[in-house]
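Enquirer: Residue numbers (the working numbering): 194 to 374. All C-beta atoms in this analysis are idealised placements derived from N, C-alpha and C, irrespective of residue type, glycine included. Keep in mind the model is a prediction, meaning the values are calculated, not measured.
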């Protein structure tokens, strides 16, 4: 839905679709975006249903290079989100995500090549790169919906709902922030 300068869209699946969404949003005059998506944990110690705030995104996808690879979120929005999560009392991890075009292809070679990443998704590296190229302030927040190592596990729907409900104040604060810019 859209209201004045506030707009919600999604979901997007993969880097190309994320880039297309950002291109359209930029053409519509959007200047600041908070994205929320799902990611798979690449570390056993990261609990399912937990939140992950990417401070860097590695690219194993094909879209970022078309925009000039930029692996970082917008600094100001990243720190706003960090402090808002803390203020809301939410537990989260900060770290590196690797974005890929292929679902469930995280084999031993992939894990070794991207060992700096704690989580995997399909959009964040493109979102950071496209956002930077288009002059959009952008930060991302990820929900760990599944774990890929040491064995595959999925988040239960009831746990998903609980985490999402806890995020409503963060999203509300972002929209209220937009009205004060």
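Give me, in chain order, the residues of the same chain whose beta-carbon lies closer than 6 angstroms to that of residue 345; leave out the 5 immediate sequence neighbours on both sides.
Expert: Excluding residues within five positions, none has a Cβ falling inside 6 angstroms.
Enquirer: Going by DSSP, which residues form a beta bridge with residue 333?
Expert: Beta-bridge pairing links residue 333 to 228.
Enquirer: Looking at the structure shown, is residue 369 part of a helix, part of a strand, or coil, going by DSSP?
Expert: Helix.
Enquirer: Look up residue 277 in the DSSP assignment and say whether it is helix, strand or coil.
Expert: Residue 277: helix per DSSP, three-state reduction.
Enquirer: What residue range is occupied by the uninterrupted alpha helix (DSSP H) comprising residue 375?
Expert: This structure cannot speak to residue 375, because the chain is shown only from 194 to 374.
Enquirer: Quick check on residue 340: does DSSP put it in helix, strand or coil?
Expert: Here residue 340 sits in strand by DSSP.
Enquirer: Are the beta-carbon atoms belonging to residue 334 and residue 242 less than 8 angstroms from one another?
Expert: Not a contact, by the Cβ cut-off of 8 angstroms.
Enquirer: Indicate the three-state DSSP secondary structure (helix, strand or coil) for residue 295 in the structure shown.
Expert: Coil, per DSSP.
Enquirer: Assign residue 386 to one of three DSSP states: helix, strand, or coil.
Expert: With the chain covering only 194 through 374, there is no way to say anything about residue 386.
Enquirer: Would you grab the beta carbon distance between residue 256 and residue 214 for me? Rounded to a whole angstrom, and I think it's under 8 angstroms.
Expert: Incorrect: roughly 12 angstroms between the Cβ atoms, too far for contact.
Enquirer: Would you mind listing the beta strand (DSSP E) stretches within the region 238-282 that are 3+ residues and don't spill past its ends, in chain order?
Expert: Counting whole runs of 3 or more residues, the region 238-282 contains the beta strand (DSSP E) stretches 244-253.
Enquirer: Which same chain residues, not among the five before or five after residue 326, have their C-beta less than 6 angstroms away from its C-beta?
Expert: 260 and 261.
Enquirer: Classify residue 306 as helix, strand or coil using the three-state DSSP reduction.
Expert: Three-state DSSP puts residue 306 in a helix.
Enquirer: Rounding to the nearest angstrom, what Cα-Cα distance links residue 235 and residue 342 in this structure?
Expert: Residue 235 and residue 342: Cα-Cα distance of roughly 6 angstroms.
Enquirer: Would DSSP call residue 375 helix, strand or coil?
Expert: It is not possible to answer for residue 375, since the shown part of the chain is limited to 194 through 374.
Enquirer: Between which two residues does the beta strand (DSSP E) carrying residue 313 extend?
Expert: Residue 313 -> beta strand (DSSP E) spans 312-314.
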